[in-house]
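To start, the structure under review is shown below, and the notes come after it.
Protein chains in written order, with my numbering: chain A, 1 to 207; chain B, 1001 to 1299.
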């Protein structure tokens, strides 16, 4: 396991250095995007209003607070921003990578074979920020530079965040087609069958 | 006392109760997480538990919701038959949701179905969802507020088994759900199981099971045994914190049951993530209260 410090724009060369189980701390531009953003870009065919090339997309729906006064340009502060379940974006993630040039996906839980192939084809990685740790993450955001597609509502909008050493981001899918959580699931399934086998005859409450 | 007074008092108290519980886990959950972190000393687990602990500390010191997903608001109300403010409870809870959403702040999560628009204040059609029970001979309002996020709601399901599939059929369905969806639901989870005669009763009981303390036992000895067997079985799979693998999988398994039909064995399953923001309060007619899930906290 190695630890990497990356800055956006992240390059293909950066991405090729990392493997599943490595940890990344990312400085620079992270943009939130989840179900509705993926739907709008991939299924709806709309151009994303933010240039995402070399940046990170964060599967997250933050709590934001407006801090600008009346008559001032809108300014927001991040209150709480943790990862959401990445698997929900499985259907659209690979095409999203291809359309946007995103290099790092940040979320929680694993993603499936379609995204794994997408990471190989587009030289990208999927990473996991510890779930439920949204205040730690908020404290690693230096600034919110604005928001796009706010019509989707606060959780679904694209929030443009400047981050400092954002992490730990544990690499769960690398650009070589390895998938950490899928590997874990193989092990979990073997142990599950054994656990169910051990339960046989112990839950015979029917008379 | 004017008619509005109790509504305002109740709304303000409940809003404070909601805001506090968004940033602070109940005592039993914190204790179990500490116990689990002491066992998990290999792989990614220690680092994950370290970040979890730091997050709880920061949420407290910065007075922020500990997770950005503060759930779709749900109340479980046990109303005493002699509670004097029946007429205003529902309105006060709706007021409280609006107030807490603005002040905590909570994430606006209520999306109107078909219109597909977020209402912006967590109030919408049947939102907050309120589950009512009447407690006879009591003059108190006992209120549970539970912030179930999307991630830990995804593994939820209910179905009706044929009785000959037996209790092993329930175990199999739960174990399969935990090794697929459970990995994404911010483990270590608390697993709630309902067993009944129809799917909606089983589903509701599975959620009520999550309102019971971590480490509590079903009063029926066989049910308590099943809770222990499933907990041990799930722990032997070793999902670890965040699904990265470890020595343990779950904070516990709680089962609640209702009589079943002779021809059906219905089961429901709900999961609570490690950040199980369950809060319970007993409110007296004079609005003094016992915040019993978070001992010693003054709102």
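Where is the CB? At the ideal position from N, CA and C, for every residue including glycine.
Against chain A, the CB of residue 1167 of chain B has a partner CB under 8 Å away; the residue lies at that interface. DSSP places residue 143 of chain A in the uninterrupted beta strand (DSSP E) bounded by 141-148. Within its own chain, the residues whose Cβ lies closer than 6 Å to the Cβ of residue 63 of chain A, once the five positions on either side in sequence are excluded, are 79 and 80, listed in chain order. With 16 or more other CB atoms across the displayed protein chains lying within 10 angstroms of its CB, residue 1028 of chain B is buried. Taking one beta carbon from each stretch, the stretch 177-187 of chain A and the stretch 1238-1245 of chain B have 3 or more pairs nearer than 8 Å; the two touch. Residue environment for residue 1221 of chain B: exposed (fewer than 16 other C-beta atoms within 10 angstroms of its C-beta). In the DSSP assignment, no residue is bridged to residue 35 of chain A. Flagged as an interface residue toward chain B: residue 191 of chain A, by a C-beta distance shorter than 8 Å. Listed in chain order, the positions of the stretch 34-60 of chain A with a beta carbon within less than 8 Å of a beta carbon of chain B are 60. In the displayed model, residue 1160 of chain B falls within a strand according to three-state DSSP. Residue 1092 of chain B places its beta carbon 8 Å or farther from that of residue 1214 of chain B.
A straight-line Cα-Cα distance of about 33 Å links residue 150 of chain A and residue 1010 of chain B.
Using a 10 angstroms sphere on the CB of residue 132 of chain A, the tally of other CB atoms reaches 16 or more, which defines it as buried. Secondary structure note for residue 1244 of chain B: it is in no alpha helix (DSSP H), with a DSSP letter that is neither H nor E.
At least one beta carbon of chain A lies nearer than 8 Å to the beta carbon of residue 1047 of chain B.
Under the 10 Å beta carbon count, residue 177 of chain A is surrounded by fewer than 16 other beta carbons and is classified as exposed. Residue 1171 of chain B and residue 45 of chain A have their C-alpha atoms spaced approximately 43 Å apart. Cβ neighbours of residue 53 of chain A within its own chain (closer than 6 Å, five residues either side excluded): 101. It is roughly 36 Å from the alpha-carbon of residue 145 of chain A to the alpha-carbon of residue 1271 of chain B. Listed in chain order, the beta strand (DSSP E) runs fully inside the stretch 1063-1096 of chain B are 1074-1080, counting runs of at least 3 residues. Identification of chain A residues near residue 1105 of chain B by a Cβ-Cβ cut-off of 7 Å yields 63, 65 and 79, ordered along the chain. Contacts with chain A (Cβ-Cβ distance below 8 Å) from the stretch 1025-1049 of chain B involve 1044, 1047 and 1048, listed in chain order. Inside the stretch 1097-1166 of chain B, DSSP marks whole alpha helix (DSSP H) runs of 4 or more residues at positions 1150-1153, from first to last along the chain. Ranked by Cα distance from residue 1165 of chain B, the first of B:1240, B:1266 and B:1115 is B:1266. With fewer than 16 other beta carbons inside 10 angstroms of its own, residue 16 of chain A counts as exposed. Contact note: residue 26 of chain A does not reach chain B at a C-beta cutoff of 9 Å; the least C-beta distance is about 15 Å. Identification of chain B residues near residue 109 of chain A by a Cβ-Cβ cut-off of 7 Å yields 1183, 1184 and 1243, ordered along the chain. Neighbours of residue 1064 of chain B in chain A, taken as residues whose beta carbon is under 9 Å from its own, are 63, 79, 80, 134, 135 and 138 in chain order. Looking at the backbone, the Cα of residue 41 of chain A and that of residue 172 of chain A are separated by about 24 Å. Ranked by Cα distance from residue 114 of chain A, the options A:203, A:141, A:104 and A:95 are led by A:95. Just so you know, the alpha carbons of residue 1055 of chain B and residue 18 of chain A end up roughly 27 Å apart.
Cβ contact annotation for residue 1113 of chain B (same chain, cutoff 8 Å, sequence separation greater than five): 1125, in chain order. Straight-line measurement puts the Cα of residue 1229 of chain B at about 15 Å from the Cα of residue 1173 of chain B. Under a 10 Å Cβ-count criterion, residue 1142 of chain B is classified as buried, with 16 or more other Cβ atoms of the shown protein chains found around its own Cβ.
If you look at residue 1026 of chain B, you'll find it isn't in any alpha helix (DSSP H); DSSP assigns it neither H nor E.
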